[in-house]
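Engineer: First the structure, then my questions, so here it is.
Number of protein chains: 2
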Amino acid sequence: MSATMPPSDRVRVRRKPERGHYDRATVDAIIDGAIVGHVGFVLDDHPYVIPTAIWRQGDRLYWHGSSASRMLRATAGARVCITVDRIDALVLARSGFDHSVDYHSAVILGVAHLVVDETEKLAALEAFVERLYPGRWATLRPPRPKELKATTVLWTELSEASAKIRDIGAHDEPGDETWPTWAGTIPLTTVLGDPIPDPFVPDGLVAPAVRLGVAAD
Amino acid sequence: MSATMPPSDRVRVRRKPERGHYDRATVDAIIDGAIVGHVGFVLDDHPYVIPTAIWRQGDRLYWHGSSASRMLRATAGARVCITVDRIDALVLARSGFDHSVDYHSAVILGVAHLVVDETEKLAALEAFVERLYPGRWATLRPPRPKELKATTVLWTELSEASAKIRDIGAHDEPGDETWPTWAGTIPLTTVLGDPIPDPFVPDGLVAPAVRLGVAAD
């Protein structure tokens with residue numbers, strides 16, 4: 415992917431092109447800062463959108479699920495759109511039509527590939543756990559063959575992707591600035607609460623640190 | 415919609431059917447607690463997923479955007495899937511395969527209808543602003559005809575929808591409870607930060623209250 419040119423016309427940002435970004439670093443940072451993406455696929459001519467955990471390894475975007483899942487069965491080998499996004503702030507202006515949100519979003523188009531090799535599947539799942547909870551994989555009860563079999567892992571290329579970012583805050587039509595109502599931004603943040611141990615956690619064992627928003631190759 | 419039966423087979427929750435909910439109150443509460451939904455549509459045989467603000471008025475789910483938007487042009491009259499969801503907590507177990515998230519999600523399938531009538535369009539946009547910022551519409555600079563024309567409003571029925579909820583926290587395979595690693599839940603919450611006024615807001619004018627998560631008819 416080039417830093418300035420869209421990799422395809424269908425991921426080119428048309429509305430508000432100044433918000434479009436085509437460099438991998440920008441796309442990767444949005445993916446690496448998210449826990450969930452929205453996977454779109456077509457089944458019997460109808461679109462479906464399923465939220466699911468996503469993670470990146472180099473040039474690949476991964477997701478996974480139960481091998482019995484309709485979503486995963488339907489998407490293997492099929493065209494997918496994976497959208498990853500967050501709202502950074504509510505934006506209030508003096509005209510209703512200038513209200514907005516500041517956001518970061520990435521749209522990835524591709525074909526879903528199934529991870530067939532068991533070693534590769536296990537490595538992908540380890541990367542998924544380590545991405546959110548660094549150091550945790552080695553502390554877990556080791557995987558069993560039936561767990562691995564019951565889990566399907568899919569990936570798509572990060573070659574046809576674009577990012578769209580709005581970060582300009584409030585913006586009024588010329589002349590509206592003196593209209594006597596409040597305008598500005600209200601930040602939105604996702605925060606982690608205090609960990610709640612299950613009843614079997616012995617005293618003194620602390621919850622792992624959660625890593626959000628770190629680009630890692 | 416019935417409280418217990420899926421309105422169609424394609425929105426029936428197959429994986430983990432105990433997590434499925436088919437009553438409108440549950441679906442409505444998930445929609446009313448969200449700012450953004452993910453709209454899926456098909457264009458030239460490829461799925462697309464676009465995040466966009468959504469709101470509900472009675473039996474209809476609305477979204478809007480620029481009349482120049484490809485997404486809105488492509489979806490008018492077409493089949494759509496709108497998915498609305500939030501993560502409530504990260505769930506950590508003693509096997510990597512039992513890690514999960516607690517979540518609320520709603521999937522709505524339908525056809526996108528264009529709001530043609532200008533009065534109806536204006537009422538829908540007022541409902542959108544009032545849903546997030548009660549009392550704000552009356553304080554705004556009144557709409558101009560060209561603003562209304564440049565804005566497209568769409569809706570779909572809430573007749574074919576289902577909700578899926580996971581709220582059981584950590585859950586291990588039998589025998590894993592004594593494995594010596596931390597397990598439990600880490601809550602995730604979206605919080606509003608302190609409002610940041612733009613440079614034209616006079617002293618003493620305070621930001622409007624934001625209403626999230628209130629079911630309103």
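Residue numbers (the working numbering), protein chains in the order written: chain R, 415 to 631; chain C, 415 to 631.
C-beta atoms are modelled at their ideal positions from N, C-alpha and C, and glycine is treated no differently.
Could you tell me the distance, in whole angstroms, from the CA atom of residue 612 of chain R to the CA atom of residue 536 of chain C?
Structural biologist: As a working note, residue 612 of chain R is residue 198 in the first sequence. As a working note, residue 536 of chain C is residue 122 in the second sequence. Distance between the alpha carbons of residue 612 of chain R and residue 536 of chain C: 50 angstroms.
Engineer: Using the C-alpha atoms, what's the distance from residue 464 of chain C back to residue 557 of chain R?
Structural biologist: For the purposes of this step, residue 557 of chain R is taken as residue 143 along the first sequence, with counting starting at 1. For the purposes of this step, residue 464 of chain C is taken as residue 50 along the second sequence, with counting starting at 1. Their Cα atoms are separated by approximately 36 angstroms.
Engineer: By the three-class DSSP mapping on this structure, what secondary structure does residue 528 of chain C have?
Structural biologist: Translated into the one-based positions of the second sequence, residue 528 of chain C becomes position 114. Reduced to three states, the DSSP call for residue 528 of chain C is strand.
Engineer: Closer than 8 angstroms by beta-carbon distance: list the chain R residues that pair up with residue 615 of chain C, in chain order.
Structural biologist: Walking along the second sequence from the start, residue 615 of chain C turns up at place 201. Ordered by position in chain R, the residues that pass the 8 angstroms Cβ test against residue 615 of chain C are 596, 597 and 598.
Engineer: Excluding sequence positions up to five away, which residues of its chain have a Cβ less than 7 angstroms from the Cβ of residue 422 of chain C?
Structural biologist: As a first step, residue 422 of chain C is located in the second sequence; it is residue number 8 there, counting from the start. Closer than 7 angstroms at the Cβ level, and outside the excluded window around residue 422 of chain C, lie 574.
Engineer: Using beta-carbon positions only, say whether residue 514 of chain R and residue 505 of chain R come within less than 7 angstroms of one another.
Structural biologist: To locate residue 514 of chain R, count along the first sequence from 1; it is residue 100. To locate residue 505 of chain R, count along the first sequence from 1; it is residue 91. Contact: yes.
Engineer: Starting from residue 442 of chain R, trace the alpha helix (DSSP H) both ways and give me its first and last residue.
Structural biologist: Position 28 of the first sequence, counted from the start, is the residue given in the question as residue 442 of chain R. Here the alpha helix (DSSP H) through residue 442 of chain R covers 438-446.
Engineer: Let me know the secondary structure DSSP gives residue 466 of chain C once reduced to three states.
Structural biologist: Walking along the second sequence from the start, residue 466 of chain C turns up at place 52. Three-state DSSP puts residue 466 of chain C in a strand.
Engineer: On the DSSP bridge list, what partners appear for residue 516 of chain C?
Structural biologist: Locating residue 516 of chain C in the second sequence gives position 102, where the first residue counts as 1. According to DSSP, residue 516 of chain C bridges with C:503.
Engineer: Would DSSP call residue 551 of chain R helix, strand or coil?
Structural biologist: Taking the first sequence and counting its residues from 1, the one referred to as residue 551 of chain R is at position 137. If DSSP states are grouped into helix, strand and coil, residue 551 of chain R belongs with the helices.
Engineer: Starting from residue 479 of chain R, follow its DSSP beta bridges and name the residues at the other end.
Structural biologist: Walking along the first sequence from the start, residue 479 of chain R turns up at place 65. R:566.
Engineer: Could you tell me the alpha carbon to alpha carbon distance between residue 629 of chain C and residue 601 of chain R, rounded to whole angstroms?
Structural biologist: Taking the first residue of the second sequence as 1, we reach residue 629 of chain C at position 215. Taking the first residue of the first sequence as 1, we reach residue 601 of chain R at position 187. Residue placement at residue 629 of chain C is flagged as unreliable, the pLDDT there being 45, under the threshold of 50; the coordinate-derived value follows with that caveat. For residue 629 of chain C and residue 601 of chain R, the distance between alpha carbons rounds to 23 angstroms.
Engineer: Could you have a look at residue 615 of chain C and say whether DSSP puts it in helix, strand or coil?
Structural biologist: Taking the first residue of the second sequence as 1, we reach residue 615 of chain C at position 201. Coil.
Engineer: Given a threshold of 16 other Cβ atoms within 10 Å of its Cβ, counted over all protein chains shown, does residue 585 of chain R qualify as buried or as exposed?
Structural biologist: On the first sequence, residue 585 of chain R is found 171 positions in, with the first residue counted as 1. Counting Cβ neighbours within 10 Å, residue 585 of chain R comes out exposed, since fewer than 16 surround it.
Engineer: Considering only the beta carbon of each residue, do residue 355 of chain C and residue 614 of chain R sit closer than 7 angstroms?
Structural biologist: Given that chain C is displayed from residue 415 to residue 631, the structure contains no residue 355 of chain C and the question cannot be resolved.
Engineer: With distances taken from CA atoms, which of C:495, C:519, C:474 and C:531 is nearest residue 566 of chain C?
Structural biologist: By one-based count along the second sequence, residue 566 of chain C stands at place 152. The shortest Cα separation from residue 566 of chain C among C:495, C:519, C:474 and C:531 belongs to C:531.
Engineer: According to DSSP, is residue 493 of chain R helix, strand or coil?
Structural biologist: Numbered from 1 along the first sequence, position 79 holds the residue referred to as residue 493 of chain R. In this structure, residue 493 of chain R counts as strand in the three-state DSSP scheme.
Engineer: Any residues in the stretch 563-586 of chain R with a beta carbon nearer than 9 angstroms to a beta carbon of chain C? Which ones, in chain order?
Structural biologist: Within the stretch 563-586 of chain R, the qualifying residues are 564, 565, 583, 584, 585 and 586.
Engineer: Where does residue 575 of chain C sit, in a helix, a strand or coil, going by DSSP?
Structural biologist: On the second sequence, position 161 is the one that residue 575 of chain C refers to. Note: residue 575 of chain C maps to strand in three-state DSSP.
Engineer: List, in chain order, every chain C residue whose beta-carbon is nearer than 9 angstroms to that of residue 591 of chain R.
Structural biologist: Here residue 591 of chain R is taken as the residue at index 177 of the first sequence, counted from 1. Result: 612, 613 and 614.
Engineer: Would residue 526 of chain R and residue 492 of chain R qualify as a contact pair, given that the criterion is a beta-carbon distance under 7 angstroms?
Structural biologist: By one-based count along the first sequence, residue 526 of chain R stands at place 112. By one-based count along the first sequence, residue 492 of chain R stands at place 78. Yes, the pair counts as a contact, with Cβ atoms nearer than the cut-off.
Engineer: Could you name the residues of chain R that residue 465 of chain C contacts, counting a contact when the two beta carbons are closer than 8 angstroms?
Structural biologist: Here residue 465 of chain C corresponds to residue number 51 of the second sequence, with the count starting at 1. Simply 452, 497, 499, 517 and 519.
Engineer: Just to confirm the assignment, what range does the beta strand (DSSP E) spanning residue 600 of chain C have?
Structural biologist: Locating residue 600 of chain C in the second sequence gives position 186, where the first residue counts as 1. Element bounds for residue 600 of chain C: 598-606.
Engineer: I think residue 605 of chain C touches residue 603 of chain R, with their Cβ atoms under 8 angstroms apart; what is that distance to the nearest whole Å?
Structural biologist: Within the second sequence, numbered from 1, the residue matching residue 605 of chain C stands at position 191. Within the first sequence, numbered from 1, the residue matching residue 603 of chain R stands at position 189. Between residue 603 of chain R and residue 605 of chain C the Cβ distance is about 6 angstroms, and since that is below 8 angstroms, they are a contact.
Engineer: How close, in whole Å, do the beta carbons of residue 497 of chain R and residue 451 of chain R come, if the pair is a contact with beta carbons under 8 angstroms?
Structural biologist: Here residue 497 of chain R refers to the residue found at position 83 when the first sequence is read from its first residue. Here residue 451 of chain R refers to the residue found at position 37 when the first sequence is read from its first residue. 6 angstroms between Cβ atoms; contact.
Engineer: Where does residue 624 of chain R fall in DSSP's three states?
Structural biologist: Position 210 of the first sequence, counted from the first residue, corresponds to residue 624 of chain R. In this structure, residue 624 of chain R counts as coil in the three-state DSSP scheme.
Engineer: Can you find the residues in the same chain that come closer than 6 angstroms, C-beta to C-beta, to residue 487 of chain R, ignoring five residues on each side of it along the sequence?
Structural biologist: Here residue 487 of chain R corresponds to residue number 73 of the first sequence, with the count starting at 1. Excluding sequence neighbours, residue 487 of chain R sits near nothing in its chain.
Engineer: Residue 560 of chain R to residue 512 of chain C, Cα distance in whole Å?
Structural biologist: The count along the first sequence starts at 1 and reaches residue 560 of chain R at position 146. The count along the second sequence starts at 1 and reaches residue 512 of chain C at position 98. Looking at the two C-alpha atoms, the distance is approximately 13 angstroms.
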